[in-house]
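Every position in the sequence shown, counted from 1, becomes a number in this note's numbering once 559 is added.
Some notes on the structure that comes next.
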Amino acid sequence: MYEIKCPSCGAVFQADESSYESIARQVRNEEFAKEISERTSQFEREKNTAVKLARTETESELNGKIAEKDAEINALRAKLDMLETQKKLEINEAVSEKDSEISRQREQITLLSGRIETNGKAAELREKTLKESYEDKLRDKDEQIAYYKDFKARQSTKMIGESLEQHCETEFNKLRAAGFKNAYFEKDNDARTGSKGDFIFREWSEDGTEFISIMFEMKNEADQTATKHKNEDFLKELDKDRNEKGCEYAVLVSLLEADSEFYNTGIVDMSHRYPKMYVIRPQFFVPMITLLRNAALNSLSYKQELNVIRNQNIDISHFEADMNDFKDRFEYNYNLASKKFDKAIEEIDKTIDHLQKTKDALLSSGNNLRLANERAQKLSIKKLTKNNPTMAAKFEELKSGE
């Protein structure tokens, strides 16, 4: 049991455990509610105070920032006004310059219009001149074609070929004295190898260095010839002739295949078939020589240096050959002298041996002469007549006669 004292009247009463718990719960709930209410009121007061304070601070800070922004806006407005003024000035200047430029361009257009009109007339004049020149060349070409057709029709096949050779020779001789003073251009008459070309062209520099050589073959045939040849038919033989005669280039001057666009375009390079070989029409004969000659002149200095080196090599070869010849001759003479020396030594040995024998013989003869002399010294008439009565009598008679 629990004793409970009333806080108002001071009376004491008892309550069981459940009643006590109920009363205590009521008291706690009431106090808790009261405390909640008080705290809620306090929180509301504090919140209102904080809100007012925050609002005051925020308004103050916002007013400051607004003042700063207003100042920035005013500065920007001033700057914008200044930029706008400057922009207007620049636009006015640009417009003024543009107007000036337009005026200048209008003046130039006026001048150019006059020039264009003048140039147009000049272009028309040039066009007319070129057209007339082209028409003249076409007429010359047609006349040349007609000439060759008539030329071929009036001659035999052999005479056609010979006339083409004469044509090329004449064209070259026209320029020989002026541009080819150190050149050789003659018929190839050397057929020792079984074939020959038509012409050989060679040219030398002032120091005698050959810097270009060309083997020429001229081919043509009449329109009425039964068997039509092709340029291809003569390339192999031309290459053979070029190599046998030691020429650097090979050129076929041909009127064959007259309708071929391939050969009528100008100079045809056949190096894909044979090295440094070309097929040309007669009108390109002199230009071809000039073209190859000018190209060769560019490499003349290298050829001259090569000749110097080659001559030096030849001198060295001659020196080596002379040295080897001297060595061979010296060896031959040495061997010959050595043999004669050995023979002489052998003869001297034989002579020495013979003299030694002669010496021995002489020494032996001397010894015999000594013995003979000794015996002669010991010889006397008494000894001579001893045991010889006849000689003794003779000597006695001699003595008596005295």
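Glycine residues also receive a C-beta, built at the ideal position from the N, C-alpha and C atoms.
- The DSSP-derived three-state label of GLU762 is strand.
- Pairing ASP828 with GLU683, the inter-Cα distance amounts to about 38 Å.
- In this structure, the CA atom of PHE744 is about 33 Å from the CA atom of ASP695.
- Burial is judged here by how many other beta carbons sit within 10 angstroms of a residue's own beta carbon; PHE758 has at least 16 and is buried.
- Separation of CYS568 and SER581 (C-alpha to C-alpha, rounded to the nearest whole angstrom) is 21 Å.
- Of the candidates ASP747, GLU796, ASN748 and TYR808, the residue whose Cα lies closest to the Cα of ILE773 is TYR808.
- The beta carbons of ALA742 and PHE760 sit about 7 Å from each other, so the pair counts as a contact at 8 Å.
- DSSP places TYR822 in the uninterrupted alpha helix (DSSP H) bounded by 820–823.
- In the three-state DSSP reduction, GLU776 falls in the strand class (E or B).
- In this structure, the alpha-carbon of THR768 lies about 31 Å from that of LYS778.
- Collapsing the DSSP output to three states places ILE868 in a helix.
- In the structure shown, the three-state DSSP call for TYR833 is coil.
- Straight-line spacing of the CA atoms in TYR693 and LYS733 works out to 26 Å.
- Counting along the chain, the unbroken beta strand (DSSP E) around GLU745 starts and ends at 742–746.
- Our two residues, LYS593 and ASN633, have alpha carbons roughly 58 Å apart in a direct line.
- Of the candidates LEU794, LEU895, LEU859 and ASP818, LEU794 places its Cα closest to the Cα of VAL838.
- For LEU815, the three-state secondary structure derived from DSSP is coil.
- Excluding the 5 residues flanking it on each side, LYS835 has same chain C-beta neighbours closer than 7 Å at GLU807, TYR808 and ALA809, in chain order.
- Rounded to whole angstroms, the separation of the alpha carbons of GLU803 and GLU816 is 28 Å.
- Membership of THR849 in the alpha helix (DSSP H) is indicated by the continuous run 844–857.
- If you check the CB distance, ASP800 and SER754 come in under 7 Å.
- Within 10 angstroms of the beta-carbon of ASN790 lie 16 or more other beta-carbons, which makes it buried.
- The C-beta distance from VAL845 to PHE731 rounds to 7 Å, short enough to fall under 8 Å.
- In this model, THR599 and LYS624 are separated by some 36 Å (Cα to Cα).
- In the DSSP secondary-structure assignment, ASP658 is not bridged to any residue.
- The straight-line gap separating the alpha-carbon atoms of THR849 and ARG663 is approximately 54 Å.
- Comparing C-alpha distances from GLY805 to each of THR729, GLN915 and ASP747 shows the shortest one belongs to ASP747.
- In the three-state scheme derived from DSSP, where H, G and I count as helix and E and B as strand, ASP749 is classed as coil.
- Residue burial is scored here from C-beta neighbours: PHE821 has fewer than 16 other C-beta atoms within 10 angstroms and is therefore classed as exposed.
- Across the structure, LYS646 and THR608 are spaced so that their CA atoms are roughly 55 Å apart.
- Just measuring C-alpha positions, the residue of PHE739, ASP701 and LEU642 sitting nearest TRP763 is PHE739.
- Between GLU724 and GLY756, the C-beta gap is not smaller than 7 Å, which leaves the two residues out of contact.
- When secondary structure is reduced to three states using DSSP, ILE839 falls in the strand class.
- DSSP places ASN802 in the uninterrupted alpha helix (DSSP H) bounded by 794–803.
- LEU895 has its alpha-carbon roughly 56 Å from the corresponding atom of LEU856.
- Contact check for LEU859 against PHE770 passes: the beta carbons are separated by less than 7 Å.
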